[in-house]
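Chemist: Residue numbers (this note's numbering): 562 to 952.
1) What are the boundary residues of the beta strand (DSSP E) that residue 701 is part of?
2) Between which two residues does the alpha helix (DSSP H) harbouring residue 867 extend?
3) If you follow the alpha helix (DSSP H) that residue 583 is part of, which residue opens it and which one closes it?
4) Using the beta-carbon count (16 or more within 10 Å), is residue 858 buried or exposed?
5) Three or more C-beta pairs closer than 8 Å, one from the segment 805-814 and one from the segment 658-668: is that the case here?
6) Residue ranges of each beta strand (DSSP E) run of no fewer than 3 residues wholly in the segment 640-691, ordered along the chain?
7) Taking C-alpha atoms, which residue in 914, 882, 912 and 910 lies nearest to residue 581?
8) With residue 755 as the anchor, note down where its alpha helix (DSSP H) starts and where it stops.
9) Within its chain, find whatever has a CB closer than 7 Å to the CB of residue 910; leave out the 5 residues flanking it on each side and keep chain order.
10) By DSSP, does residue 920 sit in helix, in strand, or in coil?
11) Under the DSSP definition of a beta bridge, which residues are partnered with residue 634?
12) With 16 other CB atoms within 10 Å as the buried threshold, where does residue 583 fall?
13) Which complete alpha helix (DSSP H) runs does the segment 766-803 hold, if anything under 4 residues is left out?
14) Based on Cα-Cα distance, which residue from 597, 936 and 645 lies nearest to residue 902?
15) With 16 as the cutoff for other CB atoms within 10 Å, does residue 579 come out buried or exposed?
16) Taking 9 Å as the cut-off, decide whether the C-beta atoms of residue 769 and residue 748 are in contact.
17) Using C-beta distances below 7 Å, list every residue in its chain close to residue 692, excluding the 5 sequence neighbours before and after it, in chain order.
18) Let me check understanding here. Comparing Cα to Cα, which of 607, 600, 613 and 634 lies closest to residue 623?
19) Can you grab the Cα-Cα spacing for the pair residue 822 / residue 764, in whole Å?
20) Pick out whichever of 904, 839 and 575 has its Cα sitting closest to the Cα of residue 521.
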């Protein structure tokens with residue numbers, strides 16, 4: 562029986578497992594993750610008020626419940642197990658860890674207090690273990706021209722009642738009064754999904770102004786439709802700006818604003834950057850000789866954002882995973898195979914079932930769950946130590 566190790570239990574890793582279950586039903590598949598919970602980006606990266614996007618979890622659950630895929634949580638690559646050990650123990654190893662680091666702008670003042678990356682704040686708002694949500698000030702500038710930037714402004718612009726049915730941790734925009742979203746490019750080439758832009762028209766307590774959205778196309782139409790949105794009694798404002806390139810951040814120890822290359826200054830006490838994500842030097846070395854289909858070396862593969870960079874939605878990553886699974890299925894031995902390995906301290910899918918049940922049971926009114934937000938709390942349930950874990 563051939564064996565496959567997938568590193569990363571997010572959407573790309575699960576899609577590879579899903580495709581391999583069909584292509585090579587004889588394969589023994591283990592999905593490893595650094596956390597004692599599966600689903601990665603879906604649980605901690607997708608906006609907490611977009612539960613429809615998170616619903617893909619239900620199809621991934623079948624991998625572990627019905628299709629014999631093994632979940633091995635609480636295993637950190639490089640700390641708890643080496644890549645060499647995995648390659649020695651499995652016939653195929655797939656790197657599907659995504660990209661976790663926020664890309665930096667590389668301009669003066671970037672390390673001032675009050676400047677945070679989208680990944681950092683999104684994980685905290687999504688209850689990532691031991692992540693601390695940064696304080697958000699009264700005036701916020703969001704730098705970015707894509708869907709992640711739209712997620713940030715939507716969550717900051719919402720009031721408590723508008724998070725009905727979500728699993729948000731707290732109310733991130735409770736003290737926010739002014740939000741300005743700034744794009745370096747023109748509105749005509751902004752990467753917003755028009756559907757997500759139009760969703761902002763449902764904001765109940767936020768006025769919207771769109772400046773500089775000239776041109777044609779669905780994106781421009783969506784932006785123009787927002788201009789002048791002014792619900793009665795709105796306490797917040799959102800302004801779209803385009804064609805402004807950040808030059809430097811203003812402030813001595815804490816950010817006070819952003820100066821742009823044309824001399825424009827926008828004052829702010831919080832700046833959130835949504836300009837993409839990046840990997841590290843170790844990833845660059847691994848990908849140096851990668852083939853177009855994700856083969857790094859015999860028996861070693863990569864998929865998703867880890868391979869392609871931060872491009873593509875969850876459904877688009879599915880196509881990438883399907884293509885890679887076809888290649889892996891052909892490469893796996895037809896007879897025999899390596900036995901796989903266990904890693905001391907790893908947790909199983911039964912641990913996730915207990916965590917999921919506890920979070921749902923603890924959900925406050927209007928929420929679908931109350932996430933356990935410490936690693937210790939998750940481990941208490943994952944290892945079934947008898948503690949409640951609800952902390």
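All residues carry an ideal CB built from backbone N, CA and C; glycine is no exception.
Modeler: Looking at the atomic coordinates:
1) 700-704
2) 865-869
3) 572-584
4) Result: exposed.
5) yes
6) 653-656 and 676-678
7) 882
8) 755-760
9) 625 and 632
10) helix
11) 908
12) Exposed, by the Cβ-count rule.
13) 779-787
14) 645
15) It counts as buried.
16) no
17) Cβ within range, chain order: 684 and 685.
18) 600
19) Taking the straight line from one Cα to the other gives about 32 Å.
20) Nothing about residue 521 can be reported from this structure: the residues present for the chain run from 562 to 952 only.
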